[in-house]
Every structure is written in C-alpha cells, then in structure tokens.
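First comes the structure, then the notes that go with it.
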Amino acid sequence: MTEPFIQTENLTLQYGQKTAFANVNLSVNAGEILALVGPSGCGKTSFLSCLNRLTDMIPHCRVKGAIRIGSVEVLNAKTNAFALGASCTQLIALRRQVGMIFQKPNPFPLSIWKNMELPLREHGIRKREEIDTIIETSLQDVGLWDEVKDRLHTSALALSGGQQQRLCIARALGLQPEALLLDEPCSALDPISSGIVEDLITSLRQRYTLIIVTHNLAQAKRIADRVALFWVQDGVGQLIESGKVEQIFDAPQHPLTAAYVTGARG
Ligand SMILES: Nc1ncnc2c1ncn2[C@@H]1O[C@H](COP(=O)(O)OP(=O)(O)OP(=O)(O)O)[C@@H](O)[C@H]1O
Ligand SMILES: [Mg+2]
282 MTEPFIQTEN LTLQYGQKTA FANVNLSVNA GEILALVGPS GCGKTSFLSC
332 LNRLTDMIPH CRVKGAIRIG SVEVLNAKTN AFALGASCTQ LIALRRQVGM
382 IFQKPNPFPL SIWKNMELPL REHGIRKREE IDTIIETSLQ DVGLWDEVKD
432 RLHTSALALS GGQQQRLCIA RALGLQPEAL LLDEPCSALD PISSGIVEDL
482 ITSLRQRYTL IIVTHNLAQA KRIADRVALF WVQDGVGQLI ESGKVEQIFD
532 APQHPLTAAY VTGARG
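Quick note on my numbering: the sequence shown kicks off at 282 and runs consecutively.
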C-alpha cells in the first residue's frame, strides 16, 4: 500500500489575523504512521484539527488550500456544516472515517459500555448484537477487554489514565475509521501506560492510516514510517521537511531538521 490516503495542498490555517501555518503540502500513505514533530506553537494541533474539520467550531478560523482524505475533498462546501442549506451527511461521514485522539484522555463521564455504545448509536448502529460484537472486538483490539469485561457498567472515569486512553482509542475504532489522528496521545501518561499505548498504536499500522503528534523523538523513531517537521519561521508555522524515518534521523536535508533531531534546537 503506497498510495497517499491523506493529502494536503497549500494548506493554510488562520485564526483571525494570525496565520498558524501556511502552504503545507504533505501526504500520508495508506497504512502508514506519520509522526508530526516540531517545537511548541508550530501548528501541529491546528494541522490535525483541520483534517477532520474540528476547526469549523472555532470562530474566526479560516482554512485555505485543499485536503483529500480517501475520495473526500474535505474542504468542499458540501462538507461545510455552516454552508447555507448544506447537508451535514458528508461531514458526519468524514468524522466517522477519521477518528481523533487527544493528549488528555477524554472518556465521557459514563460507564465503559456507554462510552462505546453512544457513538455507535449516533452513527445509526442500533442492532443489539452488532453493538455487542463491535464493543467486544474494539476493546480486544486495544487489549482492554480482559481488564474491563467484568466492570463494563462501571464508570470509565475510574479507569487509570492509560486505560482511559485505550478506551478512547477503542471508542474511535468501533466506528471503523480509516484514519486516526493522535495528538500527543502518550504525553499525559506514566511511562508504563505510555509504553502500552505506544505498542497499541504500532499494532494499528497497516490497518489504519495514522498521524501522531509527538514531542518524544525516541517514540517517533520507534513507531513512525515517515516523519514531518514543522517550525515557526517569520511567525508562521511551516513544513520544513518530511521523509522516511531513517532519512530524517540519519540524513536530514534541512539544517533545522538536523538541529531538531540532535536536540540542538527545539
Ligand atoms: N483557537 C485559537 N485561536 C487563536 N490562536 C490559536 C488558537 N489555537 C492555536 N492558536 C495559535 O496557533 C499557533 C499554533 O498552535 P498549535 O496549538 O497548533 O501548536 P502546536 O504545534 O500544537 O503546539 P504544542 O506543541 O504546544 O501543542 C500558536 O501560535 C497558537 O497560539
Ligand atoms: Mg499541540
């Protein structure tokens, strides 16, 4: 599988007058893990957020350029929830196709079971047997089933941070997405939980297309197929370089990449 599944063209994002990043041309092949790295404030979270149009919810946020995910033109007016008279169907389909995981695990303050069931029902999956199967399979996929199968109807908030993050990943997987966007998914976790979540992310390679934002370069090196480096230049986030993980770490083309991967800058 070497076709780009996610592709951006001249992607530019502005918050009012502030340009978070400009003219980003980046592609991620189907089934690959792309690690997005760079210093704080260079636009990594903003980049992820516009891929499944979470930026629609931010007032004064404008996104220009093009994003293609699979066959969907993400910035097409038809997927614009706020375009007059537009149907939201495509936007809902996009959110289903592209799951998002945040730095801080965000389970709903409900039972483990309800956390899994709610999004399924929202996306029209109503058959009890189907719901049961998806919940068990997804919890198995994240290695949580044996840990929680006897307490499915207790609060998700009673789980450890690492278990909560795996539950959030299971909740996203239940919708059978094609891509997952993960924004520093391990950085709020203790080292053991972080290792478990990292192994889980690695196990999703091939089945899903993944973009993971991480400040942990050792982690990027361990899990990524490709790496992209963002940097703020002249006050604007820019894509400095992207390439295969070995190339970025062993033979960086740009001096900023060399400085970043050796820890001299950033
Ligand atoms: N909702 C917002 N309104 C205005 N400016 C914002 C908003 N969100 C982010 N920014 C600005 O856009 C720039 C990029 O922010 P972003 O959060 O995408 O960076 P980041 O690379 O994810 O940083 P970090 O590594 O600290 O998470 C920053 O200058 C930030 O202050
Ligand atoms: Mg961020």
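Yeah, the Cβ is synthetic: ideal placement off N, Cα and C, and Gly gets one too. Bear in mind the structure is a predicted one, so any value in this text is a computation, not a measurement.
Simplified DSSP assignment, three categories, for residue i
i, result
"G544", "coil"
"A374", "helix"
"Q446", "helix"
"V478", "helix"
"Q519", "strand"
"Q487", "coil"
"L433", "coil"
"C323", "coil"
"L470", "coil"
"L315", "strand"
"T563", "With the chain running from 282 to 547 in the structure shown, residue 563 is simply not present."
Burial state of residue i, where buried means 16 or more other Cβ atoms lie within 10 Å
i, result
"R473", "According to the sequence provided, residue 473 is Ile. The question's Arg does not apply to it. I473 should be labelled exposed."
"T495", "buried"
"Q445", "buried"
"P549", "Since the first residue shown for the chain is 282 and the last is 547, residue 549 is missing from the structure and cannot be characterised."
"T283", "exposed"
"G405", "exposed"
8 Å Cβ shell around residue i - same chain, five flanking residues per side excluded
i, result
"N306", "T289, E290, N291, L292 and L520"
"V353", "T360, Q371, A374, L375 and Q378"
"G346", "T289, E290, N291, L292, T293, N304, V305 and L356"
"H558", "The displayed coordinates of the chain run from 282 to 547. Any statement about residue 558 would go beyond what the structure contains."
"V526", "A316, A501, K502, A505, D506, R507 and V508"
Close Cβ partners of residue i (< 7 Å) along its chain, the five nearest in sequence each way excluded
i, result
"V542", "L498, I529, F530 and P533"
"L448", "P388, I393, N396, L425, A437 and L440"
"I450", "I382, V423 and L481"
"G297", "H341"
"L470", "G442, G443, Q446 and V478"
Neighbourhood of residue i by C-beta, 6 Å cutoff - its chain only, sequence neighbours within 5 removed
i, result
"K299", "none"
"A301", "L294, G324, S327 and G518"
"F383", "D464"
"A501", "A316, V318, T495 and V508"
"A539", "P533"
"S475", "C467"
"C331", "L294 and V344"
ask   = For the segment 479–495 against the segment 312–320, are there 3 or more C-beta pairs whose distance is under 8 Å?
value = Per the Cβ contact rule, the segment 479–495 is in contact with the segment 312–320 (3 or more Cβ pairs under 8 Å).
key: Distance cut 7 Å, beta-carbon to ligand 2 heavy atom: residue list by chain order   = Here the list is K325, T326, D464, E465 and V494.
query = Between the segment 454–469 and the segment 415–423, do at least 3 Cβ pairs fall closer than 8 Å?
reply = With the cut-off at 8 Å, the segment 454–469 and the segment 415–423 touch.
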